[in-house]
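When we follow UniProt numbering, the leftmost residue of the sequence shown carries the number 1, and every step to the right adds one. Cβ coordinates follow ideal geometry from the N, Cα and C atoms, glycine included. Only a predicted model underlies this, so the values are computations on that prediction, with no experimental measurement involved. Shown next, in structure tokens, is the structure this report addresses.
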Amino acid sequence: LLDGWFTKFAAPGVCNPADQSPTLTPSDDVAERDVRSHAQRQHDALTALVRGQLGDPKLGQHNGLPVTVIVSATLQDIQAKTGHAVTATGTLLPIPDVIRMATHAYHYLALFDRVKGQALWLGRTKRIATADQRIMLHSKERGCTRPGCDKPGYLTEVHHVDEWADGGLTNIDTLTLACRA
1 LLDGWFTKFA APGVCNPADQ SPTLTPSDDV AERDVRSHAQ RQHDALTALV RGQLGDPKLG
61 QHNGLPVTVI VSATLQDIQA KTGHAVTATG TLLPIPDVIR MATHAYHYLA LFDRVKGQAL
121 WLGRTKRIAT ADQRIMLHSK ERGCTRPGCD KPGYLTEVHH VDEWADGGLT NIDTLTLACR
181 A
């Protein structure tokens, strides 16, 4: 099934991450410089396919957010390029991998300190949490906050700590993640 596709996209010089700008129509010179094995070229072709599909905002959505890898890391680890980041599901990712992945991503940055960022505090002007608030909650909570529940954030919904109907606010510090259980 993939043989015909690999013939084009795993050919020497095609989809080569070592090139300044990978191409689908390499010159003879570019194809000759390609030192990757056949298996490496197939791997790079599949990576390009998946990256292209997941990067399409019309594709893949989950609970209203685009397919997204959410990680939490310290500024010190990122600057030192050491240590691990934690995903929204609790998986540890080496910082060098996070940095590499970030070169192919839409970036959201959530810094945690004692300063309040006004963009995440909406009061009663809006009931539904924004995409930024949901991403922040995935980064902060990492999953369901119900006592004893260990469901990852991807299986949760945003809830008001104080019910909206009872005057609850749509502010980052009054929202949480909870599963439907």
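Item                                                                                                         : Value
Anticipated Cβ contact below 8 Å, H160 with G168, distance rounded                                           : 4 Å
P96, buried or exposed, once every other Cβ within 10 Å from all chains shown has been counted against 16    : exposed
Burial state of K140 (16 or more Cβ within 10 Å)                                                             : buried
Cutoff 7 Å; reference S72; Cβ partners in own chain excluding five residues on either side                   : A85, V86 and S139
Exposed unless 16 or more other CB atoms sit within 10 angstroms - verdict on A18                            : exposed
Range covered by the alpha helix (DSSP H) that runs through T7                                               : D3 to F9
Secondary structure of R114, DSSP reduced to three states                                                    : Its pLDDT being 41, under 50, R114 is placed unreliably by the model, and nothing is read from it.
Other residues of its chain near L24: CB distance less than 8 Å, five sequence neighbours each side excluded : K8, F9, V14 and C15
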